[in-house]
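Okay, structure first, notes after.
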Amino acid sequence: MRFCVKDETQRKLAIGKTKKHNHPMPREEKSALSKEIGDQLTMNNDFTFAIKRIRFDENYQPSDNTRITTNFANLARGQRRQENLRNALRMIDNRFNAMASWDNPTGDRYSVELDIISVDIDIHGSGDAFPSIEVLKTNILDRKTNERIEGIVGNNFSSYVRDYDFSVLLLDHNKNQPQFSIPANFGELHGKLFKAFVSSAEYQQHFKKLPVICLSVSDNKIYRRTENQHPVLGYEYLPNDSSLTEQYFQKMGLQVRYFMPPNSVAPLAFYFFGDLLNDYSNLELISTISTMETFQKIYRPEIYNANAVAGQRYQPNLKNLDHSLTQIVYDREERSQLAIEQGRFAEAHFIKPYQSLLEQWSANYA
């Protein structure tokens, strides 16, 4: 079977060309990767992944065809696009230097570089690929040593199939129903596609460590602060209940912990493989915190730019009026509407045309 998306102008994420890294993943890290995800999780030869990357800087301008509900793409639109980007990048650098304050007396030693990583999935090597996943990769520029330090891949996470699951499948399943319920096998295909990508040779060729995804806390849960404190991640919080998002990411092979970094006002949700506290350096963790906290201040100021700090018992409130706004324009209403459109796109060009093939592959991928 030849995998083909009908409309070529819609198909591409149009992120740019990827530079190949010439440093393969060390053997011991490959072993850890296989052990973590499971030796049995290998991608069928009918499926291949292609990685593209583009620098996210003040000159970044997303293609008209890219998945524009992502945090970074939304910022780079409109008349104030360059001002938005410049301000967001400055916020990231300032937060990073505030957290990495040792041997940094002037507070400007480091700068965070961001690459947008887009992942296309191809069937039978036909060359026609569907946009699968989009994440961010951080790198840290040390101006004192002129060294470029690798950061973390993941951070922000977006996916057309995830849009389909939450904005199409879940809504359609509950339409006109008296009680909310979850469709059978909800998130199974998406989770297996993600695990297949992370265990693929393509991932291991480009990235040295497993991904960490950093999201907002849920306004439907109550979080309680524990006595467990990490020097970078801060105080750990525990939720009173599991959420659909947690369950969805669990099917991707990820576990979650909640931490409120020093001088933050609300905890962040960190989704990861392995050991979050020991698998990553302080600078790596700071690169993720500074990047994603900045996006959350812009996207959810009611929570992450609130004027009151989360206490021992904390329930996020998206209707909180006691918050400050950044000087960055972000269209949240349009973002929600576009998620439905993008979910319908995934349904029309990926889920329905190849439903039988995908169901068979998913059933055998265990």
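Each residue of the sequence shown is one higher than the one before, starting from 443 at the first, in our numbering.
Positions of the beta carbon are idealized from the N, C-alpha and C atoms, including for glycine.
- Is the closest heavy atom of the ligand COA to the C-beta of L583 under 8 Å? In the structure shown, the ligand COA is absent, as is every other ligand, since no ligand is present at all.
task = In the DSSP assignment, find the unbroken beta strand (DSSP E) run with L578 in it and report its ends.
result = Note, L578: beta strand (DSSP E), A571 to D584.
Would you please state the rounded distance, in angstroms, between the beta carbons of L527 and Y552? I believe it to be under 8 Å. Here L527 is actually not in contact with Y552; their C-beta atoms are around 19 Å apart, not less than 8 Å.
request  = Consult DSSP for N598 and reduce its assignment to one of helix, strand or coil.
outcome  = Under the three-state reduction of DSSP output, N598 falls in the strand class.
**Prompt:** Can you name the start and end residues of the beta strand (DSSP E) that G676 belongs to?
**Reply:** Per DSSP, G676 belongs to the beta strand (DSSP E) from G676 to P681.
> Where S574 and A638 are concerned, what is the direct C-alpha to C-alpha distance, given to the nearest angstrom?
Replying inline: In a straight line, the C-alpha of S574 is about 12 Å away from that of A638.
To the nearest angstrom, report how far apart F714 and R522 are at their CA atoms.
-> Per the coordinates, the alpha-carbon of F714 lies some 34 Å from the alpha-carbon of R522.
Those runs of the beta strand (DSSP E) which lie wholly inside the segment 654-715 and span at least 3 residues
Counting only runs that start and end inside the segment 654-715, the beta strand (DSSP E) elements of at least 3 residues fall at 654-658, 665-672, 676-681, 697-702 and 710-714.
Verify whether the separation of the beta carbon atoms of A711 and L631 is less than 9 Å. No, the Cβ-Cβ distance between A711 and L631 is not below 9 Å.
Counting C-beta neighbours from all protein chains within 10 Å, is the total for A571 16 or more, i.e. buried, or is it exposed?
The residue is buried, with at least 16 neighbouring Cβ atoms inside 10 Å.
query = L652 lies in the alpha helix (DSSP H); which residues open and close that run?
reply = Taken as a continuous stretch (DSSP letters only), L652 belongs to no alpha helix (DSSP H), as it is neither H nor E.
request  = Label V751 either buried or exposed according to how many other C-beta atoms from any shown protein chain fall within 10 Å of its C-beta, with 16 as the threshold for buried.
outcome  = It is exposed - the Cβ of V751 has fewer than 16 other Cβ atoms within 10 Å.
* Asked: So K794 is in the beta strand (DSSP E); what residue range does that whole segment cover?
  -> Per DSSP, K794 lies in no beta strand (DSSP E) segment and is marked neither H nor E.
Going by other Cβ atoms of all chains shown within 10 Å of its Cβ, with 16 needed for buried, is E801 buried or exposed?
That one is exposed.
List the whole-angstrom C-beta distance separating I782 from V610, where the pair is believed to meet the contact cut-off of C-beta under 8 Å.
With a Cβ gap of about 7 Å, I782 and V610 count as contacting.
Check your understanding: First and last residue of the beta strand (DSSP E) that includes L556?
Key -> For L556, the enclosing beta strand (DSSP E) starts and ends at Y552 to I565.
First through last residue of the alpha helix (DSSP H) which encompasses T730: Run containing T730: N724 to Y741, per the alpha helix (DSSP H) assignment.
CB of D535 within 9 Å of CB of D550, strictly:
Contact: yes.
Could you pull out every residue in the same chain whose Cβ sits closer than 7 Å to the Cβ of L727, ignoring the five residues on either side in sequence? So the qualifying residues of the chain are V674 and L675.
* Buried versus exposed call for P758 [16 or more other C-beta atoms within 10 Å across all chains shown] -> That one is buried.
**Message:** Using the three-state DSSP reduction, which class does F498 fall into: helix, strand or coil?
**Reply:** Under the three-state reduction of DSSP output, F498 falls in the strand class.
- Report the residue from I496, N529 and A492 whose alpha carbon sits nearest the alpha carbon of I770. Checking every option, the nearest Cα to that of I770 belongs to N529.
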